[in-house]
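Data first, discussion second: the structure below is written as structure tokens.
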Amino acid sequence: MRKLLIIFIPLLILFALPKEYLIPLKALPPEIQNNTAPKAKLPTIKKEQEVTTSQPVGRVDTVFFTTYDWQFNSHPWQTIYNDMRGVHVTGMTSLQANPFPDRNMRYNFYDKTTHQWAFGQDGIDALNARAGFGNLDVNPMDGIEYIVGHVAGTQRLIPRIAKDVAPGQGIFDYCDCQEGYLWPPIAITANGWIHVAAVEDDPGGARERLFYIRIRDWCNPEEPRLIAPQPGEPIAPLGNAQGIFASKRSDKVVIFWTEWDGTGPDSGAYRISTDGGETWSDVIPFPIPPIFTPGSETLPELWIPSVGGFFDRDDRPNFVLCFTPSIRDTGRIIPVEMWHYVPGRNPELTRICRIMPETLAATVGYNATFACRPSIGQNPENGNLYVVWEQFDPVNYEPTTERLRADIWGTASTDGGLTWAPPKRITEPDQTSKRFPFLAPIVDDYCWITYLVDLTAGFYIQGEGPMTTNPVVVHQVPRQYLETGIAEGNNNKLFSLKIYPNPIINRNYLSLGLNTKTSLNISLTDITGKVLFNKEFSSGAHYYQLRIPKNLKSGIYFLVVRTANSSESYKLIITN
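Read in order, the letters of the sequence shown are residues 466 to 1041 in my numbering.
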């Protein structure tokens, strides 16, 4: 079921929208709405400073660039793999303008012996024809990477797989599956078999059937077998809503999907094979936790960017499920509840976190919820689990497209997923939007994460913004950061404050992102010290939106933050 909230209407005109398009927002205080904030004595200003952005934790390397800013429509597909030899990464790229004649699955390799990226910041094309919408996996027997994408056939699309001659060499051989299938992610089991989960390229355009293709001998693809829907099964995919992952310790494979056919809250299911795809279990629906007012008309749902999975070191399938509420068949993007699901564990479901911003300065855009696209990995030595996802900043938005910008967030569990550390922002808010993250399943001293840095929030491919040349990066995050939240050089400031936009040009709102260890007061003053706004904040994370009075003149203003023992002043420029 497509969410109504992905319709591209700026929130600044939301009062003109039908009720079903609105995101529930925290009301602004009456004193801000009416410009009747009480006057208060201006605190002594300790210093004046501009709002700055700190450097991200860990190391960030650009591995290639792309003008094609829409990586995939489904749940996260594996686009990075880490092993003892190095790190493989792929992504769908183009360096030309629409219609992107050079679109391909790009590849790069980080050699751990030389500590260099083999193909610099450019990467190389993995496939020998215009291609897209694929992923990669690595054969655990020899460390060779395989990259897939669909290419044009004589009449319909064909999944094409590229196999390197040696790990990280970038010299590929090719194998085509049967014509008539698209969106073909792959996974490779411990025995070296390749498993493909592809959607039928129905000439009628329905694309409602999910098929499985196995390759045991290169290049000899077996006949496609229907995975879903089987006759009489209640859950079926529709379109590009599938994912696949395989064990590196056995012959287990999982194919999962969600349905969004408009008949009710979106749900999901999976099938598992324990014998390398020879036989498959019946459809197993994902369990639904009792959240979002159980027993009411508000129901939890899974949507297409909501599921990630992998096999842990005990050879158990692990899933991360992002639930959002559906009210009378109308989906919402907030709040988001993220859960960890391990079949057979007691309990099978544990909550990772609940994400609920107090307000939103703009919309998230096409095919997204406020926090989505999760992926999961593990350190094989100590068993610690790590989850990474994209999450929008509720007060940081792109003025030209009215889209919120996203950052990469993560968390960790040191007890097998029973409890999780508080979520931590991995990237710092700035004027870019970080999208489509994937965490390499094997975590060593670092969490190896790849993502797209969209220079203008809002996808050009979906008609949301201009075309830009965007870097795709690999981010090495020390795993201890997600376990403890303590990074090298991390300061002990009592609070951090993000302000958007600054300067304020013909805007109605000023958005604040505040994380504080103590209670404090924030006031907005003009250059004479007259207080225009005054509010107390308790300790914790806050997202707040101030309405700028219409009669406020252009000029310099100050946002003053006062704690029990000190105060700081931030200069604002307002231009009408």
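C-beta atoms are modelled at their ideal positions from N, C-alpha and C, and glycine is treated no differently. These figures come from a predicted structure and were not determined experimentally.
**Asked** Contact check, residue 680 vs residue 750 under 8 Å by CB: the rounded distance?
**Response** Numbered from 1 along the sequence shown, position 215 holds the residue referred to as residue 680. Numbered from 1 along the sequence shown, position 285 holds the residue referred to as residue 750. Cβ-Cβ separation between residue 680 and residue 750: approximately 29 Å, too far for a contact (criterion under 8 Å).
**Prompt:** Any heavy atom of the ligand SAH within a distance shorter than 7 Å of the CB on residue 809?
**Reply:** With respect to small molecules bound, the structure shown includes none, and the ligand SAH cannot be examined in it.
**Asked** Measuring CA to CA, which of 694, 764 and 713 is closest to residue 734?
**Response** The count along the sequence shown starts at 1 and reaches residue 734 at position 269. Nearest C-alpha to residue 734: 694.
**Request:** Rank 565, 1027 and 974 by C-alpha distance to the C-alpha of residue 1000 and give the top, closest one.
**Result:** For this step, residue 1000 is matched to residue 535 along the sequence shown. For residue 1000, the nearest C-alpha among the options comes from 1027.
**Asked** For residue 713, does the count of other Cβ atoms within 10 angstroms reach 16, so buried, or fall short, so exposed?
**Response** Sequence index remark: in the sequence shown, residue 713 carries index 248 (1-based). Classification for residue 713: buried.
**Request:** Figure out for me which residue from 741, 775, 778 and 789 has the closest Cα to the Cα of residue 754.
**Result:** Within the sequence shown, residue 754 is the residue found at index 289, counting from 1. Proximity to residue 754 across 741, 775, 778 and 789 peaks at 789, based on C-alpha coordinates.
**Prompt:** What is the residue span of the alpha helix (DSSP H) that residue 941 lies within?
**Reply:** Here residue 941 is taken as the residue at index 476 of the sequence shown, counted from 1. Segment 935 to 943 is the beta strand (DSSP E) holding residue 941; no alpha helix (DSSP H) there.
**Message:** So the candidates are 959, 966, 989 and 1021; which of them puts its Cα closest to the Cα of residue 1029?
**Reply:** On the sequence shown, residue 1029 is found 564 positions in, with the first residue counted as 1. The shortest Cα separation from residue 1029 among 959, 966, 989 and 1021 belongs to 959.
**Message:** In this structure, how does DSSP classify residue 762 when only helix, strand and coil are distinguished?
**Reply:** As a position in the sequence shown, residue 762 is number 297, starting the count at 1. Three-state DSSP puts residue 762 in coil, outside helix and strand.
**Asked** Among residues of its own chain, excluding the 5 on either side of residue 535, which ones have a beta-carbon nearer than 7 Å to its beta-carbon?
**Response** Along the sequence shown, read from residue 1 onward, the residue named residue 535 stands at position 70. Excluding positions up to five away in sequence, the list reads 924, 926 and 927.
**Request:** Give the straight-line distance between the Cα atoms of residue 1039 and residue 1019, rounded to the nearest whole angstrom.
**Result:** Looking up residue 1039 in the sequence shown gives position 574. Looking up residue 1019 in the sequence shown gives position 554. So the alpha carbons of these two residues sit roughly 5 Å apart.
**Prompt:** Using 8 Å as the Cβ pair cut-off and three pairs as the minimum, do the region 630 to 648 and the region 571 to 578 touch?
**Reply:** yes
**Item:** Cβ distance (whole Å) where residue 663 is taken to contact residue 625 below 8 Å
**Value:** Against the sequence shown, residue 663 aligns to sequence position 198. Against the sequence shown, residue 625 aligns to sequence position 160. Not really, about 11 Å apart at Cβ, beyond 8 Å.
**Prompt:** With 16 other CB atoms within 10 Å as the buried threshold, where does residue 671 fall?
**Reply:** Numbered from 1 along the sequence shown, position 206 holds the residue referred to as residue 671. Classification for residue 671: exposed.
**Prompt:** residue 658 to residue 890, Cα distance in whole Å?
**Reply:** Taking the sequence shown and counting its residues from 1, the one referred to as residue 658 is at position 193. Taking the sequence shown and counting its residues from 1, the one referred to as residue 890 is at position 425. When rounded, the distance between both Cα atoms is 37 Å.
**Message:** I'd like to know if the region 862 to 881 and the region 1006 to 1021 are in contact, where contact means that at least 3 CB-CB pairs between them fall below 8 Å.
**Reply:** no
**Message:** Can you check which of these residues, 852, 879, 776 and 709, is closest to residue 648 by C-alpha distance?
**Reply:** Working through the sequence shown from its first residue, we reach residue 648 at position 183. Of the candidates 852, 879, 776 and 709, the one whose C-alpha sits nearest the C-alpha of residue 648 is 709.
**Message:** Please give the ranges of any beta strand (DSSP E) in the region 847 to 888, keeping only runs that are unbroken, at least 3 residues long and fully inside the region.
**Reply:** 850 to 863 and 868 to 878
**Message:** Short of 7 Å in beta carbon distance, which residues of its chain neighbour residue 688, apart from the five on each side in sequence? Order them along the chain.
**Reply:** Numbered from 1 along the sequence shown, position 223 holds the residue referred to as residue 688. Around residue 688: no qualifying Cβ.
**Message:** I'd like to confirm the pairing. Which residues does DSSP put opposite residue 1039 in its beta bridges?
**Reply:** Residue numbering aside, residue 1039 sits at position 574 when the sequence shown is read from its first letter. For residue 1039, the beta-bridge partners assigned by DSSP are 969 and 1020.
**Asked** Looking at residue 876 and residue 787, is the spacing between their C-beta atoms short of 8 Å?
**Response** The sequence position of residue 787 within the sequence shown is 322, counting from 1. The sequence position of residue 876 within the sequence shown is 411, counting from 1. It is not a contact, given that the beta carbons lie outside the stated cut-off.
**Request:** Give the secondary structure of residue 578 by DSSP, where H, G and I count as helix, E and B as strand, and everything else as coil.
**Result:** The sequence position of residue 578 within the sequence shown is 113, counting from 1. It is coil, neither helix nor strand.
**Request:** State the CB to CB distance for the pair residue 872 and residue 894, rounded to an integer number of angstroms; the pair is presumed to be in contact (CB under 8 Å).
**Result:** As a working mapping, residue 872 is identified with position 407 in the sequence shown. As a working mapping, residue 894 is identified with position 429 in the sequence shown. Contact between residue 872 and residue 894 holds: CB atoms are separated by about 6 Å, below the 8 Å threshold.
**Rounded straight-line distance, which links the Cα of residue 997 to that of residue 882** = As a first step, residue 882 is located in the sequence shown; it is residue number 417 there, counting from the start. As a first step, residue 997 is located in the sequence shown; it is residue number 532 there, counting from the start. Rounded to whole angstroms, residue 882 to residue 997 spans 47 Å at the Cα level.
**Message:** Give me the residue from 669, 806 and 660 with the minimum Cα distance to residue 677.
**Reply:** Residue 677 sits at position 212 when you count from the first residue of the sequence shown. With distances taken between Cα atoms, residue 677 lies closest to 660.
**Message:** Taking the beta carbon of residue 761 as the centre, do at least 16 other beta carbons fall within 10 Å, making it buried, or is it exposed?
**Reply:** Locating residue 761 in the sequence shown gives position 296, where the first residue counts as 1. Under this definition residue 761 is an exposed residue.
**Asked** Between the C-alpha atoms of residue 656 and residue 606, what's the straight-line distance to the nearest angstrom?
**Response** Position 191 of the sequence shown holds residue 656. Position 141 of the sequence shown holds residue 606. The straight-line gap from Cα to Cα measures roughly 7 Å.
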